[in-house]
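In this note's numbering, the protein residues as written are 1 to 248. First the structure, in the form of structure tokens, and then the observations on it.
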Amino acid sequence: MNSKATPIFPDAVQFFATATYPCSYLENMRARAQLAMSFLPLSSTQYSALVGAGFRRNGIYIYRPYCDQCTACVPLRIAVRDFKPSRSQHRAAIKHRHLKVYECDLSFRQEHFDLYEKYQNHRHAGGGMDQPTRDDYEANILQSPYQTRLIEFRETDHSGGPEVLRMVAIVDVLNDGFSAVYTFFDPASNRTDYGTYAILWQIQQALLRGLHYVYLGYWVGESPKMRYKSRFKPHEILRQGAWRKIGG
């Protein structure tokens, strides 16, 4: 790895650029990431500042795109007090308001892993993320040194059986908002707007807690998988170190 200086916490954090690897979003492209690493645990303030500067978390690793000739990955966040749901988002909120929500600790549950495996095999078939192992799941989803919430969304079984797990959202609590780390849901259901509902739920929870933002990670305009993020309006994108409002 090669290091490169950055103005964010130069004494507390070291930054390294990875070797290139196949891009997950754009075909025939090579990607590179910048990792933020520290021998000491980062404080909530430090981690929040890194997310505000465009970094994301995968397991214990904090990273941001650092590609040589591409800037397609754009950090996007929702200022929750400004957000106005579209008609389709309003319909999703109504459709799924019956879901029961539970907060769980970050421990392995076979039911969660089975849903994660089903989601990966359906949504990312042939993309390198399918056929996940338990080790993959625990490393990417369950390892976190920060204030992380694992949220279940369950549906009542009308036949009188146990509640059915429909979706799981992993959310980091920051000083100024939520970071939507990862969400996976039942791909066999004909309700394709579970992911939309998870974001709407996080927006509402951020409002209730007096927080300002929900960070959605990277928006890639040319990637169909990422276009849904820009439908939450108004939103803010990070360009050249400054957040600017889009829409609304």
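Each residue gets a CB set at the ideal place from its N, CA and C atoms; glycine is no exception.
Query, Result
"Once DSSP output is grouped into helix, strand and coil, what is the label at Q202?", "helix"
"Does DSSP classify I246 as helix, strand or coil?", "strand"
"I'd like the list of long-range same chain contacts for L76, defined as Cβ closer than 6 Å, with 5 residues on each side in sequence excluded.", "L216, W219, K229, H235 and I237"
"On a CA-only basis, which of A93, H90, S43 and E117 is nearest D186? Give me that one, please.", "E117"
"Return the chain-ordered list of same chain residues with a C-beta closer than 6 Å to the C-beta of D193, the five sequence neighbours on each side being excluded.", "A92"
"Just to check my reading of the structure: L256 and F178 have Cβ atoms closer than 8 Å, yes? What is that Cβ distance to the nearest angstrom?", "As shown, the chain starts at 1 and ends at 248. That puts residue 256 outside it, with no answer to give."
"Rounded to whole angstroms, how far is the Cβ of A249 from the Cβ of T18, which I believe are closer than 8 Å?", "This structure cannot speak to residue 249, because the chain is shown only from 1 to 248."
"Leaving out five residues on either side along the sequence, give the residues of the same chain with a beta carbon under 6 Å from the beta carbon of T183.", "A169, G195 and A198"
"Judging by CA-CA distance, which residue of V101, R97 and T133 is the nearest neighbour of Q110?", "T133"
"When DSSP builds the beta bridges, which residues end up paired with N58?", "Y61"
"For F15, does the count of other Cβ atoms within 10 angstroms reach 16, so buried, or fall short, so exposed?", "buried"
"Ends of the alpha helix (DSSP H) at E117?", "Q110 to R123"
"Per the DSSP calculation, C73 is bridged to which residue(s)?", "Its beta-bridge partners do not exist; DSSP assigns none."
"Throw me the rounded Cβ distance for the R80 and V173 pair, which I believe falls under 8 Å.", "Per the sequence presented here, residue 80 reads as Val, with Arg not at that position. Contact doesn't hold; Cβ gap of about 14 Å is too wide."
"In chain order, what residues of the same chain have a beta carbon less than 6 Å from the beta carbon of D226, not counting five sequence neighbours either side?", "The question names Asp, but residue 226 in the sequence shown is Met. W219 and V220."
"Can you tell me which of the three DSSP states A188 falls into?", "coil"
"Going residue by residue through the region 142-178, where are the continuous beta strand (DSSP E) segments of at least 3 residues, counting only ones entirely within it?", "148-155 and 164-173"
"Under a Cβ-count criterion, where at least 16 other Cβ atoms within 10 Å of its own Cβ denotes burial, should P224 be classed as buried or exposed?", "exposed"
"What does DSSP give as the partner residue(s) for M37 in the beta ladder?", "Q14"
"Classify K100 as helix, strand or coil using the three-state DSSP reduction.", "strand"
"Could you name the residues of the same chain whose beta carbon sits closer than 7 Å to that of R149, not counting the 5 residues immediately before and after it, in chain order?", "E103, V171 and V173"
"Do M29 and C73 come within 8 Å of each other at the CB atom, strictly closer than that value?", "no"
"Is I62 closer than 8 Å to L50 when the C-beta atoms are compared?", "yes"
"Out of curiosity, what's the CA-to-CA distance linking Q205 and Q147?", "15 Å"
"Starting from L216 and walking both ways along the beta strand (DSSP E), at which residues does that stretch end?", "Y213 to W219"
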